[in-house]
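Chains as they are written, first to last, in this note's numbering: chain A, 1221 to 1872; chain B, 1221 to 1872.
Read through the structure below, which is laid out as structure tokens, and then see the notes.
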């Protein structure tokens, strides 16, 4: 009974769970909660009174029957795996000073996980580390992670970070002790970023700053546990949440994070009253109808259903979210029809091009000369013709006379181009040239050169090299559209992307620049410009090699954060004030031709406010290829990535 | 013409070089300096006036003849490779703000290295990074390192670190800018610890603190360049060095670091005067006799020859220095005769055992009962009998009556044991038992249990498990020799060991504990105790699992340092005040049975004073094996190493 369904969104966040106390009648516990409207229960599997060391003192060590809640037969396999998350005993404390408690905790934790794995549960909820040290806890969990098959381990972490005000009073150490992210970061480092270790965030009545919360959206948060005491009561006496909590819940819904409602012993009380009743069946239904947490569930469902439906573009992009793609190699490879098809649908992009061409035509030819002067416009990389169309429309719009050369190296696209020209009756205006712009010998020079050669990271599909080749046939005072472009990057937490890259277990994937619809990421600092190219470029010592050193600083109230890599964007000036781009703050709206680039780091870097991240990136050019190298220089130096383009390069 | 020869020591530090200015007559430059007593020259290969960008402006870009000092034919291949180290142009500055200078530097550096590689030079000296940033310099060097074959690149680094006093005035940033180690550390991180990137230390007139200098002995320092202005003048007018400089030179000699003397233009002056003379041959000899740096060379030779000759033990151990060995598996494997042979020669060890047994015998049997009471002594793990002999000698020394059981699981050793007993006529006193002590059913109980089962890291050869098995046949008030033992560790810089482990390119080698005669290491903090075992051990909840959390703090004047891993030792109490061990501060002298253990880290950790290193280590026991897991928890958490003993374990 999910919370609802948003058009197209089938994510896990539709399901809502409930945390329960230990009860040795699991079937009853389950049916009450499922009938009460919840999708799954987070249930304790072992009697809280159980201690391995007490048991062995009794002398029945060899017998070894554990106080599990009944046998595995009490539920069907699909009930266990669909409706039960194992809740590991709360008392375990693997970093206690008490050695016996440590040993008991290790034994019990391993027994519980083994039992949960036997039941094929999808996940177990591990209690929060008790103190600020978690070395032994993490070691044991790491041991378990090596052998557990598909089960997720959700480490419970309170969403907690003291404010800056408190810091100044208590000093640095105090602050770190209060930031639960630090604890999580240590734990997952010790477990080597294991993909089955994830987070269940405990939502408390008071929330940290927005920047601090933001970090978690790049982390592997699977569940958010919200306690009834974090709710407020509205005028009618129903539970509700503060505005900030509501916003947080929307964030969870958007990031496929499941909500778990947690609410004390009430449910057990209701169970007991049920058991006491004379007619079990009737009473059970009554108790279902008055599941004590139902108002909370209803409110969460209301928040879920209240969300905006996904736009068409969002629905289209859902399948691409956080899915790493290798960038196109448009020079070495020829694009396929399907790719052209997709890009041509990006109406917004061609509207911008048409606006730019209009302005350029008007600047080039004054109104009074519009009937006499013919502008020579060359579309270099014409593909199947969308820029030819935009150019002709611009000519019509401005009343300028135009002669168009459509230069395209992909012979397959040229076929389509010919049929388009014929279909539209453009034969007199448009000349089709089947050639690589870098070696074409043009019969005349152009007034305007129009191209769309940009990649997600601007110059990464070798627009600079192509346009350098094409500007031979641009008049000295000619115009290039785009006239310049700049790449941008920003550091991100992106544990999902990192895990995907790591799963390949090689260096190559860590030294590749990807294209990806980033979604489960935390953007840690505003993006900064990287490389700029201007066209045409006539300076003598011109080189398309570039080197940029950038410093990123976390906002003060963020706390520490882990940088898995950098999101890359571009912004292009098509002509004068007409720009086109996908840098988040200035992005052209409703454009879908480009997903961001992702530049990974081989080892994630922990940064904290006041300790800036220094990043270096190079664009290197060789005789047959162009590639990027990059590194972090501070707070600690990383290796230089992709030396000599050994892992990733773009062929010339 | 090396500085001399210490018995057995054939290390590189016998050779002394000289740094020279550019001279286009390389043969003359070489012969003058070789005849002047030096073993090699550090010579500039390219005209200092050369700039690639100026050249291309002249329009002869395509011609491309570079201003090299003559052709490769001016010296023989063996002269180039044995007597010339290439000195890369000093003007290059790859991190300049001036883009043209950066580009010229990159071109020139690559040309010079290519030329040096063409000449098969053994090494090139790279000039110091000019500022505090070295990202672009390191990137280019890293590119070069990927393709250069065997040549070493010596990065010139001044031995320089400001004092603590200066820190407080200038703040933290100021200190880091003044510590050249930080620069080196960034550079080598960016080059990913490449094994062909090493250091030439520039020795300045004033030296940093001893702790700060100490760090460098764990780094890949290949050469130390000492300028004539770092010398003092003695009463007779000859050059000499301060006491601290002398000590530093001894350190270099001991660590196979070559000295290079650097002394301004004097030698060029003398060259010029030579060229001016009418009779070249005669004059050349004269000029040789008065090589202006000869007094400095003679003094360095004097320091070298003044060093203590190597002791027999040191000579024996020379071949083992920094050579990683896998620890023995004495339970799973049987030792070979050669191994017994080596260990039995360790006289000091058996003297200590004999002293301990004497005291135990005297405590066990009062003088007045010595003729009536027979002590039952069992040697568990008797090998070929050295402890049997020590026991019998102790009995003779104290006048106690003894009955000895020699228990040994290795049937091959038992053969030798039988012949020893026969040879010595011990048949009435010694009973040989061919059995594993863990399952032997003893006919009577022992007063004293003597064993030598310790590994470099104490319990790592499973002494605890063996003695737990043997204490079944120890009387309740019986004595175990040893009665306890404790392992110790300390963090070390050990770039050589790290490089050797890294060269295997797998995880297993990074998760193995080695035995190694550590030599080129820097011990960064005093060692601390880790695991202690006491024998006999009768407590009910006894377990041989252990967990220890340690914090190491660098001395304040060290500066930052890189921890590649931990050196491990043990100290054992044989009986009462008789101990045996190899923990550096308390080591039993002249003992050679144990080299230290080395516990590596997969990723070296940078630590700095005030930011303690927190290390966790576990001894884990399974049904068939014992293993260690370890991790760094602070300043940043490492992965837990050797989870579940996946890479390294000791079989039971």
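Ideal Cβ positions, reconstructed from N, Cα and C, are used throughout, including at glycine.
**Study point:** Reduced DSSP secondary structure (H/G/I, E/B, other) of residue 1708 of chain B
**Key:** For this step, residue 1708 of chain B is matched to residue 488 along the second chain. Here residue 1708 of chain B sits in strand by DSSP.
**Study point:** Distance between residue 1246 of chain A and residue 1308 of chain A (C-alpha atoms, nearest Å)
**Key:** Position 88 of the first chain, counted from the start, is the residue given in the question as residue 1308 of chain A. Position 26 of the first chain, counted from the start, is the residue given in the question as residue 1246 of chain A. Residue 1308 of chain A and residue 1246 of chain A: Cα-Cα distance of roughly 15 Å.
Practice item. Answer yes if the stretch 1796 to 1808 of chain A comes into contact with the stretch 1830 to 1843 of chain A, meaning at least three C-beta pairs across the two stretches below 8 Å, and no otherwise. Key: no
Review point. Is it buried or exposed for residue 1583 of chain B, if we count other Cβ within 10 angstroms and need 16 for buried?
Key: Here the question's residue 1583 of chain B lines up with position 363 in the second chain. Counting Cβ neighbours within 10 Å, residue 1583 of chain B comes out exposed, since fewer than 16 surround it.
Check your understanding: From residue 1422 of chain A to residue 1243 of chain A, what does the alpha carbon distance come to, in whole angstroms?
Key -> Stepping through the first chain from its first residue, residue 1422 of chain A is reached at position 202. Stepping through the first chain from its first residue, residue 1243 of chain A is reached at position 23. Between residue 1422 of chain A and residue 1243 of chain A, the C-alpha separation is close to 22 Å.
Exercise for review: To the nearest angstrom, report how far apart residue 1391 of chain A and residue 1824 of chain B are at their CA atoms.
Suggested key: Walking along the first chain from the start, residue 1391 of chain A turns up at place 171. Walking along the second chain from the start, residue 1824 of chain B turns up at place 604. Per-residue confidence for residue 1391 of chain A stands at a pLDDT of 44, beneath the threshold of 50, marking its modelled position as unreliable; no derived number is given.
Practice item. Would you mind working out which of B:1377, B:1259, B:1349, B:1316 sits nearest residue 1305 of chain B, comparing C-alpha positions? Key: By 1-based counting over the second chain, the position of residue 1305 of chain B is 85. Comparing Cα positions, the closest option is B:1259.
Check your understanding: DSSP on residue 1460 of chain B, reduced to helix/strand/coil?
Key -> Taking the first residue of the second chain as position 1, residue 1460 of chain B is located at position 240. Note: residue 1460 of chain B maps to strand in three-state DSSP.
Practice item. Could you tell me which chain B residues have their CB closer than 9 Å to the CB of residue 1859 of chain A, listed as they occur along the chain? Key: Translated into positions along the first chain, residue 1859 of chain A becomes position 639. Ordered by position in chain B, the residues that pass the 9 Å Cβ test against residue 1859 of chain A are 1362, 1409, 1410, 1411, 1412, 1413.
Check your understanding: Is the Cβ of residue 1280 of chain B closer than 8 Å to any Cβ of chain A?
Key -> Residue 1280 of chain B sits at position 60 when you count from the first residue of the second chain. With a pLDDT of only 48 at residue 1280 of chain B, under the threshold of 50, the placement of this residue in the model should not be trusted; the figure read from the coordinates follows. So no, residue 1280 of chain B is outside the interface.
Exercise for review: Less than 8 Å between the CB atoms is what I'm expecting for residue 1849 of chain A and residue 1840 of chain A, so what's the real figure, rounded?
Suggested key: For this step, residue 1849 of chain A is matched to residue 629 along the first chain. For this step, residue 1840 of chain A is matched to residue 620 along the first chain. About 6 Å; that satisfies the 8 Å criterion.
**Study point:** Element boundaries [beta strand (DSSP E), containing residue 1804 of chain A]
**Key:** The residue you call residue 1804 of chain A lines up with position 584 of the first chain. From DSSP, residue 1804 of chain A is part of no beta strand (DSSP E); its letter is neither H nor E.
Review point. First and last residue of the beta strand (DSSP E) that includes residue 1750 of chain A?
Key: Taking the first chain and counting its residues from 1, one reaches residue 1750 of chain A at position 530. Segment 1748 to 1754, the beta strand (DSSP E) holding residue 1750 of chain A.
Point to revise | Per-residue DSSP class, three states only, for residue 1771 of chain B | key: Sequence index remark: in the second chain, residue 1771 of chain B carries index 551 (1-based). It is a strand residue.
Review point. Going by Cα to Cα distance, which pick from A:1337, A:1295, A:1343, A:1270 is closest to residue 1310 of chain A?
Key: The residue you call residue 1310 of chain A lines up with position 90 of the first chain. Of the candidates A:1337, A:1295, A:1343, A:1270, the one whose C-alpha sits nearest the C-alpha of residue 1310 of chain A is A:1270.
Review point. Taking the alpha carbon of residue 1521 of chain B as the point to measure from, which residue in B:1223, B:1855, B:1822, B:1866 has its own alpha carbon closest?
Key: Here residue 1521 of chain B corresponds to residue number 301 of the second chain, with the count starting at 1. Among B:1223, B:1855, B:1822, B:1866, the Cα nearest to that of residue 1521 of chain B is on B:1223.
Practice item. Measure the C-alpha to C-alpha separation of residue 1493 of chain B and residue 1341 of chain B and round it to an integer number of angstroms. Key: Indexing the second chain from 1 puts residue 1493 of chain B at position 273. Indexing the second chain from 1 puts residue 1341 of chain B at position 121. In this prediction, residue 1493 of chain B has a pLDDT of 43, which is less than 50 and means its spatial position is unreliable; nothing more can be read from the coordinates.
Practice item. Tell me, please, whether the CB atom of residue 1773 of chain A is closer than 8 Å to any CB atom in chain B? Key: As a position in the first chain, residue 1773 of chain A is number 553, starting the count at 1. No, residue 1773 of chain A lies away from the interface with chain B (no Cβ there is under 8 Å from its Cβ).
**Study point:** From A:1854, A:1865, A:1608, A:1447, residue whose alpha carbon lies closest to that of residue 1843 of chain A
**Key:** Residue 1843 of chain A sits at position 623 when you count from the first residue of the first chain. Out of A:1854, A:1865, A:1608, A:1447, A:1865 has the C-alpha closest to the C-alpha of residue 1843 of chain A.
Exercise for review: Give a yes or no on whether the minimum CB-CB distance between residue 1525 of chain B and chain A is below 8 Å.
Suggested key: Residue numbering aside, residue 1525 of chain B sits at position 305 when the second chain is read from its first letter. So no, residue 1525 of chain B is outside the interface.
**Study point:** residue 1566 of chain A: first and last residue of the uninterrupted beta strand (DSSP E) it sits in
**Key:** As a working note, residue 1566 of chain A is residue 346 in the first chain. Where residue 1566 of chain A is concerned, there is no enclosing beta strand (DSSP E), given that its DSSP letter is neither H nor E.
**Study point:** Cβ pair residue 1365 of chain A, residue 1346 of chain A closer than 8 Å
**Key:** For the purposes of this step, residue 1365 of chain A is taken as the residue at position 145 of the first chain. For the purposes of this step, residue 1346 of chain A is taken as the residue at position 126 of the first chain. No, they are not a contact pair.
Check your understanding: Under three-state DSSP, which class holds residue 1247 of chain B?
Key -> Along the second chain, read from residue 1 onward, the residue named residue 1247 of chain B stands at position 27. Residue 1247 of chain B: helix per DSSP, three-state reduction.
Practice item. Would you give the residue range spanned by the alpha helix (DSSP H) that residue 1847 of chain B belongs to? Key: If you number the second chain from 1, residue 1847 of chain B lands on position 627. No alpha helix (DSSP H) holds residue 1847 of chain B; the beta strand (DSSP E) holding it covers 1845 to 1854.
Practice item. For residue 1299 of chain A, decide whether its Cβ has a neighbour in chain B, counting only Cβ atoms nearer than 8 Å. Key: On the first chain, position 79 is the one that residue 1299 of chain A refers to. Chain B contact via Cβ: absent.
Review point. Checking contacts by CB at 8 Å: is residue 1849 of chain A closer than that to chain B?
Key: The residue given as residue 1849 of chain A occupies position 629 in the first chain. Yes - at least one Cβ of chain B is within 8 Å of the one on residue 1849 of chain A.
Exercise for review: State yes or no: is the beta carbon of residue 1762 of chain A nearer than 8 Å to at least one beta carbon in chain B?
Suggested key: Taking the first residue of the first chain as 1, we reach residue 1762 of chain A at position 542. Judged by the 8 Å Cβ criterion, residue 1762 of chain A is not in contact with chain B.
Point to revise | Backbone secondary structure at residue 1666 of chain B - three-state DSSP | key: Within the second chain, numbered from 1, the residue matching residue 1666 of chain B stands at position 446. Of the three classes helix, strand and coil, the one that applies to residue 1666 of chain B here is strand, per DSSP.
Review point. Out of curiosity, what's the CA-to-CA distance linking residue 1595 of chain B and residue 1609 of chain B?
Key: The sequence position of residue 1595 of chain B within the second chain is 375, counting from 1. The sequence position of residue 1609 of chain B within the second chain is 389, counting from 1. Their backbone Cα atoms lie some 15 Å apart in a straight line.
Review point. What are the partner residues of residue 1372 of chain B, as DSSP defines its beta bridges?
Key: Along the second chain, read from residue 1 onward, the residue named residue 1372 of chain B stands at position 152. B:1343.
Review point. Smallest Cα separation from residue 1666 of chain B: which of B:1683, B:1687, B:1678, B:1682?
Key: Looking up residue 1666 of chain B in the second chain gives position 446. Nearest of B:1683, B:1687, B:1678, B:1682 to residue 1666 of chain B, Cα basis: B:1687.
Point to revise | Distance between residue 1564 of chain A and residue 1558 of chain A (C-alpha atoms, nearest Å) | key: In the first chain, residue 1558 of chain A corresponds to position 338, counting from 1. In the first chain, residue 1564 of chain A corresponds to position 344, counting from 1. So the alpha carbons of these two residues sit roughly 10 Å apart.
Check your understanding: Residues in its own chain within less than 6 Å of residue 1434 of chain A by CB, not counting five upstream and five downstream?
Key -> Locating residue 1434 of chain A in the first chain gives position 214, where the first residue counts as 1. The answer, listed in chain order, is 1742.
Check your understanding: Is it buried or exposed for residue 1585 of chain A, if we count other Cβ within 10 angstroms and need 16 for buried?
Key -> Counting from 1 along the first chain, the entry for residue 1585 of chain A is found at position 365. When all chains shown are included, residue 1585 of chain A counts as buried.
Review point. When the distance is taken between beta carbons, is residue 1326 of chain A closer than 8 Å to residue 1360 of chain A?
Key: Position 140 of the first chain, counted from the first residue, corresponds to residue 1360 of chain A. Position 106 of the first chain, counted from the first residue, corresponds to residue 1326 of chain A. Cβ distance < 8 Å, so residue 1360 of chain A and residue 1326 of chain A count as in contact.
Review point. Does the Cβ of residue 1871 of chain A have 16 or more other Cβ atoms within 10 Å, making it buried, or fewer, making it exposed?
Key: On the first chain, position 651 is the one that residue 1871 of chain A refers to. It is exposed - the Cβ of residue 1871 of chain A has fewer than 16 other Cβ atoms within 10 Å.
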